[in-house]
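Asks:
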């Protein structure tokens with residue numbers, strides 16, 4: 005019996021969670037998350053973790069499953085995710101993978117090369133550039149040496165930029181090239197769906213999501229997780245914009261909120277660019293998730 009892995013992908017705030025749940029419920033299967041931030045149990049509001057109601061409606065894996073104290077890099081994620089998928093396929097012919105982290109999805113579908121260890125001398129050189137000149141010269145170097153990864157990396161996350169450049173300088177290979185030279189043969193058939201959402205609607209949804217995060221207590225959550233500021237997981241949109249010593253006044257707060265919205269829109273734009281280059285099956289966005297669900301199921305029946 006053929007096993008089917010159904011990937012529901014798309015930019016942030018495109019409705020991946022709702023569609024993945026609807027498809028999983030229809031197929032009576034479970035969901036494996038491919039989100040590099042929702043995997044951490046300390047992060048909730050700022051990473052748009054699915055609600056308790058959503059998490060109980062369908063069994064999810066790799067949501068709040070790890071600690072920021074022990075980063076889950078893409079190589080470790082590949083190993084753990086494939087182990088979980090193999091286990092789930094013992095009792096079901098379908099699994100839904102949901103997420104917008106391109107490297108995590110690539111790891112599941114194609115595998116990756118083992119990443120080189122950080123070169124401490126190079127790390128010190130890169131850190132010195134960052135501290136003295138800011139991120140711009142590092143981003144320019146990344147654009148020259150690995151334009152593919154530069155399009156998708158979270159540009160407000162200096163740790164990821166420094167890590168990518170460390171790998172590039174030490175290995176002489178693009179960071180994005182650390183996938184298997186030969187695609188790994190997986191014991192399942194993959195169906196790679198992508199939610200194609202109009203940009204204006206997407207940006208409105210992103211702005212609204214940030215407002216909802218703030219109403220839900222994002223600022224308090226940021227204060228709560230300050231003790232983990234040294235973790236790479238915190239160097240990301242929604243968390244890194246807030247000053248360590250707190251917000252001085254409403255003017256500064258408004259500026260921070262606008263930065264979060266802008267950086268989130270920029271990140272979504274890079275996600276769109278990345279996914280459009282992949283062999284995806286486009287699903288036109290619809291405000292009614294069940295319209296999209298029916299289209300996914302129709303395509304699966306035809307395949």
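In the working numbering, the protein residues as written are 5 to 307.
Built from N, CA and C at the ideal position, the CB exists for glycine as well.
(1) Residue 142 and residue 169: beta carbons closer than 8 angstroms?
(2) Taking 8 angstroms as the cut-off, decide whether the C-beta atoms of residue 286 and residue 198 are in contact.
(3) Where are the alpha helix (DSSP H) runs, 4 residues long or more, that stay fully inside the stretch 232-286, in chain order?
(4) On the DSSP bridge assignment, give the partners of residue 288 in chain order.
(5) Span of the alpha helix (DSSP H) holding residue 3?
(6) For the putative contact between residue 222 and residue 272, defined by C-beta atoms under 8 angstroms, what is the C-beta separation to the nearest angstrom?
(7) For residue 59, collect the residues of the same chain with a Cβ closer than 7 angstroms to its Cβ; drop the 5 residues on either side in sequence, then sort them by chain order.
(8) For residue 218, I'd like the list of residues in its chain whose CB is within less than 8 angstroms of its CB, leaving aside the five on either flank, ordered along the chain.
(9) Give the C-beta separation of residue 86 and residue 220 to the nearest angstrom, bearing in mind that I take them to be a contact with Cβ-Cβ under 8 angstroms.
(10) Please classify residue 234 as buried or exposed, where buried requires at least 16 other C-beta atoms within 10 Å of its C-beta.
(11) Looking at the structure shown, is residue 72 part of a helix, part of a strand, or coil, going by DSSP?
(12) Looking at the unbroken beta strand (DSSP E) that takes in residue 98, where does it start and where does it end?
(13) Report the three-state DSSP secondary structure of residue 194 (helix, strand or coil).
(14) Alpha carbon to alpha carbon, how far is residue 133 from residue 162? Give it in angstroms, no decimals.
(15) By DSSP, does residue 220 sit in helix, in strand, or in coil?
(16) Our contact map puts residue 187 next to residue 99 with C-beta atoms below 8 angstroms; I'd like the distance itself, whole angstroms only.
(17) Taking contact to mean at least 3 C-beta pairs separated by less than 8 angstroms, is the stretch 19-31 in contact with the stretch 99-116?
(18) Exposed or buried, what is residue 64 when buried is set at 16 or more other beta-carbons lying within 10 Å of its beta-carbon?
(19) Please report the Cβ distance between residue 96 and residue 33, rounded to the nearest whole angstrom; I am assuming they are in contact, meaning their Cβ atoms lie under 8 angstroms.
(20) Quick one: Cα of residue 27 to Cα of residue 254, how far?
(21) Since residue 163 is in the beta strand (DSSP E), which residue starts that stretch and which ends it?
(22) Per DSSP, which one or two residues make a beta bridge with residue 36?
(23) Between which two residues does the beta strand (DSSP E) carrying residue 12 extend?
(24) Apply the 10 Å Cβ neighbour rule to residue 10 and answer buried if 16 or more other Cβ atoms are within range, or exposed otherwise.
(25) By the 10 Å Cβ neighbour count, where 16 or more other Cβ atoms means buried, how is residue 40 classified, buried or exposed?
(26) When you compare the CB positions of residue 44 and residue 81, do they come within less than 8 angstroms of one another, or not?
(27) Taking the C-alpha atoms as reference points, what is the distance between residue 190 and residue 114?
(28) Under a Cβ-count criterion, where at least 16 other Cβ atoms within 10 Å of its own Cβ denotes burial, should residue 53 be classed as buried or exposed?
(29) Leaving aside the five residues before and after residue 14 along the sequence, list all residues of the same chain whose C-beta is less than 6 angstroms from its C-beta, in chain order.
(30) Quick one: using the 10 Å Cβ neighbour count with 16 as the cut-off for buried, is residue 72 buried or exposed?
Replies: Result, derived from the coordinates:
(1) For residue 142 and residue 169, yes; Cβs fall inside 8 angstroms.
(2) Going by C-beta atoms, residue 286 is nearer than 8 angstroms to residue 198.
(3) Correct list: 254-280.
(4) Beta-bridge pairing links residue 288 to 200.
(5) Past the edges of the chain, shown from 5 to 307, lies residue 3, and the structure says nothing about it.
(6) With a beta-carbon spacing of about 18 angstroms, residue 222 and residue 272 fall beyond the 8 angstroms limit used to define contacts.
(7) If we look at residue 59 and ignore the five residues flanking it on each side, its Cβ neighbours are 67.
(8) Closer than 8 angstroms at Cβ, skipping near neighbours: 261.
(9) About 34 angstroms separates the Cβ atoms of residue 86 and residue 220, ruling out a contact at the 8 angstroms cut-off.
(10) Exposed.
(11) DSSP places residue 72 in coil when its eight states are reduced to three.
(12) Under the DSSP assignment, residue 98 falls in the beta strand (DSSP E) whose first and last residues are 98-102.
(13) Residue 194 falls in the strand class under three-state DSSP.
(14) Each residue's CA atom was taken as its position, placing residue 162 and residue 133 some 12 angstroms apart.
(15) Looking at residue 220 - three-state DSSP - the assignment turns out to be coil, as it is neither helix nor strand.
(16) Contact between residue 187 and residue 99 is ruled out by a C-beta separation of about 19 angstroms, above the 8 angstroms threshold.
(17) Yes, the stretch 19-31 touches the stretch 99-116.
(18) Buried, since its Cβ has 16 or more Cβ neighbours within 10 Å.
(19) About 5 angstroms; that satisfies the 8 angstroms criterion.
(20) Rounded to the nearest whole angstrom, the CA to CA distance from residue 27 to residue 254 is 43 angstroms.
(21) Residue 163 -> not in any beta strand (DSSP E); alpha helix (DSSP H) instead, spanning 162-175.
(22) Per DSSP, 65, 101.
(23) Looking at the DSSP string, the run of the beta strand (DSSP E) that includes residue 12 is 8-13.
(24) It counts as buried.
(25) Buried.
(26) Contact check for residue 44 against residue 81 fails: the beta carbons are separated by 8 angstroms or more.
(27) Just so you know, the alpha carbons of residue 190 and residue 114 end up roughly 8 angstroms apart.
(28) A residue is called buried once 16 or more other Cβ atoms fall within 10 Å of its Cβ, and residue 53 is buried on that count.
(29) Excluding residues within five positions, the ones whose Cβ falls inside 6 angstroms are 20, 198, 199.
(30) By the 10 Å Cβ count, residue 72 comes out buried.
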